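Below you'll find the structure, written out as structure tokens, and then a few comments.
Following this line, the structure appears as structure tokens:
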């Protein structure tokens, strides 16, 4: 069951990343599928071996920084990014969820700066964050 949950998690992240890259939108089906994956893992005690409380803590702690930023700064993060992080945090737990968020934001920031530096993007132009969050979350999920 471990490999099934991991592959499902990575497949859903890939779908969300592609959708966000192409359409600048993460449909609700991707966070929903991640949540189902997390519930499957929690109730079968496989994959990340989290309790329900640890999974809920992961969801809240992973999504809250984006949620708070979205409240304080208009357009900082989209609802799809927040829901994706909550669902992924549910799957990964607090420490891996926050690590995935950090790695994703770091990758997105580096990409944004690089594209601005080479004039491929305007300074105020938004970039889809989903692919970078997916990258960070995938990396965090594979740590021992």
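In UniProt numbering, the protein residues as written are 1 to 144.
Positions of the beta carbon are idealized from the N, C-alpha and C atoms, including for glycine.
If you're wondering where the values come from, they're calculated on a predicted model, not measured in any experiment.
Check whether residue i and residue j have beta carbons under 9 Å apart
i	j	result
residue 38	residue 102	no
residue 93	residue 139	no
residue 9	residue 88	yes
residue 34	residue 12	yes
residue 46	residue 53	no
Classification of residue i by the beta-carbon crowding that lies within 10 angstroms, buried from 16 upward
i	result
residue 48	buried
residue 62	buried
residue 32	exposed
residue 118	exposed
residue 20	buried
residue 3	exposed
residue 68	exposed
residue 153	Within the shown structure, residues of the chain are numbered from 1 to 144, placing residue 153 beyond reach of any answer.
residue 73	exposed
Sequence-distant residues of its chain with Cβ nearer than 7 Å to residue i (five each side left out)
i	result
residue 66	77, 81, 82 and 85
residue 108	127, 129 and 132
residue 98	61 and 62
Supposed close pair residue i, residue j - CB separation, criterion 8 Å
i	j	result
residue 100	residue 137	4 Å
residue 57	residue 96	In fact, because the Cβ distance is near 12 Å, the residues do not count as touching under 8 Å.
residue 115	residue 123	About 10 Å; that fails the 8 Å criterion.
Beta-carbon proximity list for residue i, same chain, < 6 Å, skipping 5 on both sides
i	result
residue 17	130, 131 and 134
residue 105	none
residue 70	76 and 77
Same chain, Cβ closer than 8 Å to residue i, five either side skipped, listed in chain order
i	result
residue 146	The first residue shown for the chain is 1 and the last is 144, placing residue 146 beyond what the model contains.
residue 112	121 and 127
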